[in-house]
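Working notes, structure below.
Protein chains: 2
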Amino acid sequence: MSRGPASGSSPTIPDVARRAGVSTATAARALGGYGAVSAAAREAVLAAAEELGYRRNELARSMITGRTNTIGLVIADIENPFFAGAARGVSDAAREAGYEVVLTNTDEDPDAERSIVRVLLSKRIDGLIVAPTSPDAEHLVAARQAGCPVVLLDRRLEDFAVDTVLVDNVAAVRDVVDRLVGAGHRRVAMVTGALSYEERRAGLPGISTGQDRVDGFLTALADAGIAEPTTYLRTGAHSPEQACALTEELIALPDRPTAVFASNSRVALGVLKAIREAGLEVPRGISMVGFDDADWTSVVTPPISVVAQPAHALGRQAAELLLARISGDEEPPRLHMMATNFLSRASVAPPPPES
Amino acid sequence: MSRGPASGSSPTIPDVARRAGVSTATAARALGGYGAVSAAAREAVLAAAEELGYRRNELARSMITGRTNTIGLVIADIENPFFAGAARGVSDAAREAGYEVVLTNTDEDPDAERSIVRVLLSKRIDGLIVAPTSPDAEHLVAARQAGCPVVLLDRRLEDFAVDTVLVDNVAAVRDVVDRLVGAGHRRVAMVTGALSYEERRAGLPGISTGQDRVDGFLTALADAGIAEPTTYLRTGAHSPEQACALTEELIALPDRPTAVFASNSRVALGVLKAIREAGLEVPRGISMVGFDDADWTSVVTPPISVVAQPAHALGRQAAELLLARISGDEEPPRLHMMATNFLSRASVAPPPPES
DNA sequence: CTGAAAGCGCTTACAG
DNA sequence: CTGAAAGCGCTTACAG
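Taken in sequence, the protein lines are chains A and B. Residues in the first sequence are numbered from 1 upward in steps of one, following the numbering used here. Residues in the second sequence are numbered from 1001 upward in steps of one, following the numbering used here.
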């Protein structure tokens, strides 16, 4: 019997070739399923590979082909169910196309994002899907220049024109406000993780999605003839706890809001908690609407009306666009807006009579 | 000025060396921070690298060193907050040690798991953390034989003795049942995704964690002198919807249970929904306890008492053990059990008087 | 401290 | 259809 590879290390193509009694070129062709190989040679090689437990070293292969069949997914918060759903959408589409996805989490930290992108590029991934955590696109521009296509998910970047997949946040929030105003509310609050107007004017780095939702809120209120639309706007809610504290403030106001809009499902959790702890009843004492159809929103009493994003479809779409770019698509970049869906449940009622 | 690399492709060490006027060996040493390089040479090389925008090709480097500084994390359900938390723990610990983590999701599909492990191995990751989705450990045994250390997270494998990190599920559930029995309950139900006893006897592949929780439930009930502990056991709840349906069945029983234990937070969601839809009040009409401190459990009314697992710490521990193995730790494998914490909230009361 | 050269495990023209 | 050989971008003894 021919000698196997040095024990400890994995068998290589020369090991397989030796055992099958062919050249490494023939073995490589049989193993790779390319080029021309006689049936006899192929069988001998495959058998030898089986016996040796050969596994191709993708690293070596990628060095030659320049492709890794892997895409990098950089999301901002893996504990946000929206991103978990989007990540599944990306993975499903990628896997169908024979690609693996490397999922990474920035935790909304721009430095972490830069470093992650650098590492992914050095591993020569074929493309990148990112939910950017700051308006600074320098590292993404660099990635693109290095030949790595980039698709943006959930968040636009003014300075970086690439395929971007998200929902029409302005319209979705306008719709929420219209419904609330339509139900008779005039004192409508919003709790969000976005920046305040002062912060934006001061040039702090904000995220398009948060800003769009705030803009939708403010313009809809203004259009409804409400004088000071920012009165009940509370920004900077980056966790359920912060959202809870901000909502407590709102509830403590002399003219407290009669309806609260929560800009994502983690904020909604904090809003609901504050409402509960204040002893108010939804919707009789106060109305509320959330963003993102987190699983718990339909189970609480009352079920919360929300704007549902097609998280899975957004992820899938982002992956498909990226895959097309990887395959050489040179069309000008587009903004892909998908529809949201208002799920009317039982958390909205007219304002309480005494207000 | 010296010529740069062929445009389009990334600059390589020879490109940098040429521009700095040194050999590739010297450039490689300066860039890699190893070996001996004069200050002058180092500066010239670093400057040239900067100008060219050189980024090391980690693929090529890994081929030489045999290390990728990457660990693979294979979890079963990314939409389960427990796994999301554990994944963050793994990432935090790995990143601190200079490792990247490749996160993948099997969706509880053993075939997907096998295929994912194969791909990860072919990419020559340095180690693997997996929450196995079936008792079949063949592919993991193979990984280990190929020199890739493996650590198990959340789930034991009888046939595969490696470091395993989880909680004492039997004890945790026994504790829940004891509390319920202590409050006066005799008709205690459990809804779980685990296999039934029949399925286990028929040799179907089950997961240790589910089985342990069922065992804890059954033995605690038997110890409390309850005759037919399986009466209110409902298995096969793999989604909130299925859990909801099973709970509806339980509630429809002539002698319906007075307390329900949900074996994880997604099951708890379905259980709560069914209870709500049946018009029962927690805890006055029925008591309930969940597993895993999902964020919504403290926000619903009443807040649900749960067994909290230290998800983040479990992930971190798994990563640290794996990193130690990668660094050559040869100790015999151990089972690391971390403590759970019963969070007593407001979902448990004595059984309703009429029952 | 520096450089020429071999080699990691593959793929791929190029001849035959 | 098959094989000898070059090469992907690095690292690393080995001389000097």
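Glycine residues also receive a C-beta, built at the ideal position from the N, C-alpha and C atoms. If you're wondering where the values come from, they're calculated on a predicted model, not measured in any experiment.
Exercise. How about Leu128 of chain A and Gly182 of chain A: are their beta carbons less than 8 Å apart?
Worked result: Position 128 of the first sequence, counted from the first residue, corresponds to residue 128 of chain A. Position 182 of the first sequence, counted from the first residue, corresponds to residue 182 of chain A. Their beta carbons are not under 8 Å apart, which means Leu128 of chain A does not touch Gly182 of chain A by this criterion.
Exercise. Grouping DSSP H, G and I as helix and E and B as strand, with all else coil, what is Leu195 of chain A?
Worked result: Looking up residue 195 of chain A in the first sequence gives position 195. Three-state DSSP puts Leu195 of chain A in coil, outside helix and strand.
Exercise. Does Val264 of chain A come within less than 8 Å of chain B when only Cβ atoms are used?
Worked result: As a position in the first sequence, residue 264 of chain A is number 264, starting the count at 1. Note that residue 264 of chain A is Asn in the sequence shown, not Val. No, Asn264 of chain A does not count as interfacial toward chain B.
For this session: Name, going along the chain, the residues of the stretch 104-116 of chain A whose beta-carbon falls closer than 7 Å to a beta-carbon of chain B.
Result: Asn105
For this session: Taking a Cβ distance cut-off of 8 Å, strictly less, list which residues of the stretch 1278-1289 of chain B are near chain A, in chain order.
Result: none
Exercise. Roughly how many whole angstroms lie between the Cα atoms of Ala313 of chain A and Gly1328 of chain B?
Worked result: Working through the first sequence from its first residue, we reach residue 313 of chain A at position 313. Working through the second sequence from its first residue, we reach residue 1328 of chain B at position 328. Going from the Cα of Ala313 of chain A to the Cα of Gly1328 of chain B covers about 44 Å.
Problem set entry | Alpha carbon of Leu1414 of chain B to alpha carbon of Asn105 of chain A, nearest angstrom | As shown, chain B starts at 1001 and ends at 1355. That puts residue 1414 of chain B outside it, with no answer to give.
For this session: Evaluate Arg19 of chain A with the Cβ neighbour count: other Cβ atoms within 10 Å of its Cβ, from every protein chain shown; 16 or more gives buried, anything less gives exposed.
Result: Translated into positions along the first sequence, residue 19 of chain A becomes position 19. Burial call: buried.
Problem set entry | CA nearest to the CA of Tyr1197 of chain B, picked from B:His1185, B:Gly1210 and B:Arg1186 | Numbered from its first residue, the second sequence carries residue 1197 of chain B at position 197. Among B:His1185, B:Gly1210 and B:Arg1186, the Cα nearest to that of Tyr1197 of chain B belongs to B:Gly1210.
Exercise. How would you list, in chain order, the residues of chain A whose beta-carbon sits under 7 Å from the beta-carbon of Ala1087 of chain B?
Worked result: Taking the second sequence and counting its residues from 1, the one referred to as residue 1087 of chain B is at position 87. Within 7 Å Cβ-Cβ: Ile78.
Problem set entry | the stretch 1063-1077 of chain B contacting the stretch 1128-1141 of chain B, beta-carbon criterion three pairs below 8 Å | Cβ pair count under 8 Å is three or more, so yes.
Problem set entry | Partners in chain B for Ser91 of chain A, counting only beta-carbon separations shorter than 7 Å | Stepping through the first sequence from its first residue, residue 91 of chain A is reached at position 91. Against chain B, the beta carbon of Ser91 of chain A has neighbours under 7 Å at Asn1105, listed in chain order.
Exercise. Which whole-angstrom value is the C-beta distance of Ala137 of chain A and Leu157 of chain A, which I expect to be below 8 Å?
Worked result: Taking the first sequence and counting its residues from 1, the one referred to as residue 137 of chain A is at position 137. Taking the first sequence and counting its residues from 1, the one referred to as residue 157 of chain A is at position 157. Contact holds; Cβ gap of about 5 Å.
Exercise. Around the Cβ of Gly4 of chain A, are there at least 16 other Cβ atoms within 10 angstroms (buried) or fewer (exposed)?
Worked result: For the purposes of this step, residue 4 of chain A is taken as residue 4 along the first sequence, with counting starting at 1. Its pLDDT being 43, under 50, Gly4 of chain A is placed unreliably in this model, and the coordinates cannot settle the point.
Exercise. Can you list the alpha helix (DSSP H) stretches of 4 or more residues lying completely in the stretch 226-304 of chain A, in chain order?
Worked result: 240-252 and 265-277
Exercise. Hey, is Arg124 of chain A's beta-carbon within less than 8 Å of any beta-carbon in chain B?
Worked result: Within the first sequence, numbered from 1, the residue matching residue 124 of chain A stands at position 124. Interface residue (Cβ-Cβ distance to chain B less than 8 Å): Arg124 of chain A is classified as such.
For this session: Compare the beta carbon distance of Ala1319 of chain B and Val1090 of chain B with 8 Å and say whether it is the shorter of the two.
Result: Stepping through the second sequence from its first residue, residue 1319 of chain B is reached at position 319. Stepping through the second sequence from its first residue, residue 1090 of chain B is reached at position 90. The answer is yes: Cβ separation under 8 Å.
For this session: Specify the secondary structure class of Val1162 of chain B as computed by DSSP and reduced to three states.
Result: The sequence position of residue 1162 of chain B within the second sequence is 162, counting from 1. Looking at Val1162 of chain B - three-state DSSP - the assignment turns out to be coil, as it is neither helix nor strand.
Exercise. Within 10 angstroms of its Cβ, does Arg1234 of chain B collect 16 or more other Cβ (buried), or is it exposed?
Worked result: By 1-based counting over the second sequence, the position of residue 1234 of chain B is 234. Buried, because 16 or more other Cβ atoms sit within 10 Å of the Cβ of Arg1234 of chain B.
For this session: Measure the beta-carbon distance from Leu269 of chain A to Val1299 of chain B and round it to whole angstroms, keeping in mind my assumption that it falls under 8 Å.
Result: Stepping through the first sequence from its first residue, residue 269 of chain A is reached at position 269. Stepping through the second sequence from its first residue, residue 1299 of chain B is reached at position 299. With 8 Å as the limit, Leu269 of chain A and Val1299 of chain B qualify as a contact, their Cβ atoms being about 5 Å apart.
Exercise. Roughly how many whole angstroms lie between the Cα atoms of Ala17 of chain A and Thr24 of chain A?
Worked result: Along the first sequence, read from residue 1 onward, the residue named residue 17 of chain A stands at position 17. Along the first sequence, read from residue 1 onward, the residue named residue 24 of chain A stands at position 24. When rounded, the distance between both Cα atoms is 5 Å.
Exercise. So does Phe160 of chain A have its beta carbon nearer than 7 Å to some heavy atom of the ligand ATP?
Worked result: Inclusion of the ligand ATP in the displayed structure is not the case, the ligand content being empty and no account of it being possible.
Exercise. Which chain B residues sit within Cβ distance under 7 Å of Asn169 of chain A?
Worked result: For the purposes of this step, residue 169 of chain A is taken as residue 169 along the first sequence, with counting starting at 1. Under the 7 Å cutoff, chain B gives no residues; its nearest Cβ is about 23 Å from Asn169 of chain A.
For this session: Give the residues of chain B in contact with Pro240 of chain A, contact being defined as C-beta atoms less than 9 Å apart.
Result: Numbered from its first residue, the first sequence carries residue 240 of chain A at position 240. Correct list: Asp1295 and Val1299.
For this session: Note down, in chain order, each residue of its chain lying with its Cβ closer than 6 Å to the Cβ of Ala1243 of chain B, except the 5 sequence neighbours on either side.
Result: Position 243 of the second sequence, counted from the first residue, corresponds to residue 1243 of chain B. The residues Val1191, Ala1237, Val1267, Gly1270 and Val1271, in chain order, have a CB closer than 6 Å to that of Ala1243 of chain B in the same chain once the five nearest residues on each side in sequence are set aside.
Exercise. DSSP three-state call for His1312 of chain B: helix, strand or coil?
Worked result: As a position in the second sequence, residue 1312 of chain B is number 312, starting the count at 1. Judged by DSSP in its simplified three-state form, His1312 of chain B adopts helix.
Exercise. Could you give the C-beta distance for Ile1286 of chain B and Ala1259 of chain B, rounded to a whole number, given that I count them as a contact under 8 Å?
Worked result: Your numbering for residue 1286 of chain B matches position 286 in the second sequence. Your numbering for residue 1259 of chain B matches position 259 in the second sequence. Yes, they are in contact, since the Cβ atoms of Ile1286 of chain B and Ala1259 of chain B sit about 7 Å apart, within 8 Å.
Exercise. Whose Cβ in chain B lies nearer than 8 Å to the Cβ of Val191 of chain A?
Worked result: Here residue 191 of chain A corresponds to residue number 191 of the first sequence, with the count starting at 1. Correct list: empty, because the minimum Cβ distance to chain B is about 14 Å.
Exercise. If you drop the 5 nearest sequence neighbours on each side, which residues of the same chain put their C-beta closer than 6 Å to that of Pro205 of chain A?
Worked result: Position 205 of the first sequence, counted from the start, is the residue given in the question as residue 205 of chain A. The residues are Ser134 and Pro135.
Problem set entry | the stretch 1037-1057 of chain B touching the stretch 1076-1086 of chain B, judged by at least three CB pairs closer than 8 Å | No, the stretch 1037-1057 of chain B is not in contact with the stretch 1076-1086 of chain B.
Problem set entry | DSSP-derived helix/strand/coil call for Ala1037 of chain B | Position 37 of the second sequence, counted from the first residue, corresponds to residue 1037 of chain B. According to the sequence shown, residue 1037 of chain B is Val rather than Ala. If DSSP states are grouped into helix, strand and coil, Val1037 of chain B belongs with coil.
Problem set entry | Residues sharing a beta bridge with Leu343 of chain A, DSSP | Counting from 1 along the first sequence, the entry for residue 343 of chain A is found at position 343. Note: Leu343 of chain A sits in a beta bridge opposite A:Val306.
For this session: Using a Cβ cut-off of 8 Å (strictly closer), state whether Ser62 of chain A contacts chain B.
Result: Looking up residue 62 of chain A in the first sequence gives position 62. At least one chain B Cβ lies under 8 Å of Ser62 of chain A.
Exercise. Where in the stretch 1079-1145 of chain B do unbroken runs of the beta strand (DSSP E), each at least 3 residues long, occur, reported from the N-terminal end onward?
Worked result: List check, beta strand (DSSP E) in window: 1100-1105 and 1127-1130.
For this session: Could you tell me which of B:Thr1301, B:Asp1293 and B:Val1289 sits nearest to Glu1281 of chain B, measuring between CA atoms?
Result: For the purposes of this step, residue 1281 of chain B is taken as residue 281 along the second sequence, with counting starting at 1. It is B:Thr1301.
Exercise. Under 7 Å Cβ-Cβ, which residues of chain A neighbour Arg1055 of chain B?
Worked result: Translated into positions along the second sequence, residue 1055 of chain B becomes position 55. In chain order: Leu121 and Ser122.
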